[in-house]
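Going by the numbering used here, the sequence shown opens with residue 608, and the numbers climb by one from there.
Glycine is no exception: its CB is placed at the ideal position from the N, C-alpha and C atoms.
Keep in mind the model is a prediction, meaning the values are calculated, not measured.
Below is one structure, written out as structure tokens, with a few remarks after it.
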Amino acid sequence: DAVRGEAYKKIDAAYRMFRTAYEEKGLLPKKRDPFATPAERCLYAIRNFEYPFPPEEQKKRNWPPFPLTAPWTLLTMLAADHQPLREREERWIAFRDRGEFHRYGEYIHAIAQQFPMQSARRLKPYPFTYATIQMMLKDGGVCGTMGSISARGHNVLGIPSCQATQPGHCAVVFFRHGPETGTFRCEGGQYATGGDDKTGPFTPWPFEGEFRRSKRTSGHEIEFRGIKKMIYHQSLAWGVNYGLSAYHDGTVAHAVYHLLPREEQQEGRKLLHNAIQRNPYHLLVVDALVSSADTPQALAESGKILRTSLARAKGKRGCPTDGLYVTTLRNKFFDRIAKLPLPEDAREAGGVFAFLQAEKCDRQELLQRYRKASREEGKARSSS
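Following this line, the structure appears as structure tokens:
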């Protein structure tokens, strides 16, 4: 239960007094060590990746758990994690020498919402200060702490990982690799208030033009408004599984398209169509196609091309052709079509209506608009 009133004041005063004393005597660091630089992070990951465990131990620990030779888009969670080197090293030694790898900590319920009370429970001289994985393991916490322990622990071992938001909850996501199939996947853990559709990984989207870190020091390193939904990060793995060369070509096509003069971009949509024909899992390209379409007819054309391309992935390992990905694609097209004006030509309206039906659109108002436009306008034209 929460501590309140006079009891809270006394415990808080005692906590602050002892913490200050420990810090002044050098028994508890006043702040975290400097964050690791990008070069330090890379060198550290390579050093650990190349550690020569004995063959039996290597097999037992499934080492290395994730290839550093993976495409760069799957490694950005590692690059974004800037834990200080001393914090990383303590966890690495614990794993290297004792096989210790924490994916969770002590869940302490309501008291975690009162930082001084949580900290006062186990205040003592300690080589690591607050907001470190070591202090989190010592003091415990709730969902945010649990997600942070798991994400930081995974990253120390070279497994791309980060915390993730859910409604009223914090979870964790990470990339996985199946050496037997050669495929990659992005999975979530510690889910509580939803599935992948309700999850937002706390990590930069690799194709953002700018990566803005937050001012917070507690572990959340990017702004809330900068996160992409889970499906975007999953699509990175699926795109690689489908075909890395085609995925890279799609990235180039997207960049070239945005370099075109505005008056040439509608014609330049052919570049984007070619990209999704070669790899239907590039959401960067899909989003550009959807946002740049100026008519519902153009959207329907793009949607048919994407659907045909996606059908070719059926049976290919690590390449879903149903579920959340298809639902996400459909919603993108439905949302955009709903915002654009109806075609004046009844036949064109009928074509869009047929597309909506083929994609199992369940938005009755949108369906009714196009049903009416394709039928009643057709009757009016025939009677005239």
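Backbone CA spacing between residue i and residue j [nearest angstrom]
{"i": "D804", "j": "L682", "result": "22 Å"}
{"i": "E794", "j": "N938", "result": "22 Å"}
{"i": "C777", "j": "L949", "result": "42 Å"}
{"i": "F673", "j": "I766", "result": "6 Å"}
{"i": "E870", "j": "D688", "result": "41 Å"}
{"i": "F625", "j": "K637", "result": "13 Å"}
{"i": "I618", "j": "P734", "result": "23 Å"}
{"i": "S755", "j": "D952", "result": "55 Å"}
{"i": "L963", "j": "R728", "result": "59 Å"}
{"i": "C649", "j": "E657", "result": "12 Å"}
{"i": "C769", "j": "M743", "result": "16 Å"}
{"i": "H761", "j": "F781", "result": "8 Å"}
{"i": "T739", "j": "H861", "result": "40 Å"}
{"i": "E707", "j": "A643", "result": "23 Å"}
{"i": "A900", "j": "M837", "result": "25 Å"}
{"i": "L599", "j": "L947", "result": "Nothing about residue 599 can be read from this structure; the chain reaches only from 608 to 991."}
{"i": "K979", "j": "F960", "result": "10 Å"}
{"i": "W1000", "j": "R654", "result": "Residue 1000 cannot be examined here, being either before or after the span of the chain that is shown, 608 to 991."}
Assigned secondary structure, residue i (DSSP; H/G/I helix, E/B strand, else coil)
{"i": "F625", "result": "helix"}
{"i": "G826", "result": "For G826, the pLDDT reaches just 45, beneath the cut-off of 50, and the residue's location in the model is therefore unreliable, although a value from the coordinates is still provided. Here G826 sits in coil by DSSP."}
{"i": "G957", "result": "helix"}
{"i": "G748", "result": "strand"}
{"i": "Y714", "result": "strand"}
{"i": "S680", "result": "In the sequence under discussion, the amino acid at residue 680 is Thr, which differs from the Ser named in the question. DSSP places T680 in helix when its eight states are reduced to three."}
{"i": "L764", "result": "coil"}
{"i": "T935", "result": "helix"}
{"i": "C926", "result": "coil"}
{"i": "A882", "result": "helix"}
{"i": "K979", "result": "helix"}
8 Å Cβ shell around residue i - same chain, five flanking residues per side excluded
{"i": "G747", "result": "G712, E713, Y714, I715, A719, Q725"}
{"i": "V610", "result": "I618, I718, Q721, M724"}
For residue i: DSSP bridge partner residues
{"i": "T772", "result": "C777, G807"}
{"i": "L784", "result": "Correcting the residue identity first, residue 784 is His in this sequence and not Leu. Paired residue(s): F791."}
{"i": "G796", "result": "V779"}
Proximal residues to residue i (C-beta, below 7 Å), its chain only, five neighbours per side dropped
{"i": "A652", "result": "L675, L685, G765"}
{"i": "Y864", "result": "Q872, G875, L878, L879, A895"}
{"i": "S990", "result": "With a pLDDT of 47 at S990, under the threshold of 50, the predicted position of this residue should be treated as unreliable, and no value is reported."}
{"i": "Y854", "result": "G846, V847, N886, H889"}
{"i": "I917", "result": "The amino acid occupying residue 917 in the given sequence is Leu; Ile does not appear at that position. Answer for L917: P887, T928, listed in chain order."}
{"i": "R976", "result": "L949"}
{"i": "R988", "result": "Here the model assigns R988 a pLDDT of 48, short of 50, so the residue's position is not dependable, and the following value carries that caveat. A953."}
Cutoff 6 Å; reference residue i; Cβ partners in own chain excluding five residues on either side
{"i": "E972", "result": "none"}
{"i": "Q841", "result": "C793"}
{"i": "L867", "result": "G875"}
{"i": "S981", "result": "A953, A956, G957, F960"}
Distance between beta carbons of residue j and residue i, contact taken as under 8 Å
{"i": "P774", "j": "L635", "result": "Rounded, the Cβ-Cβ distance is 36 Å, inconsistent with contact."}
{"i": "G958", "j": "Q904", "result": "6 Å"}
{"i": "V763", "j": "W699", "result": "6 Å"}
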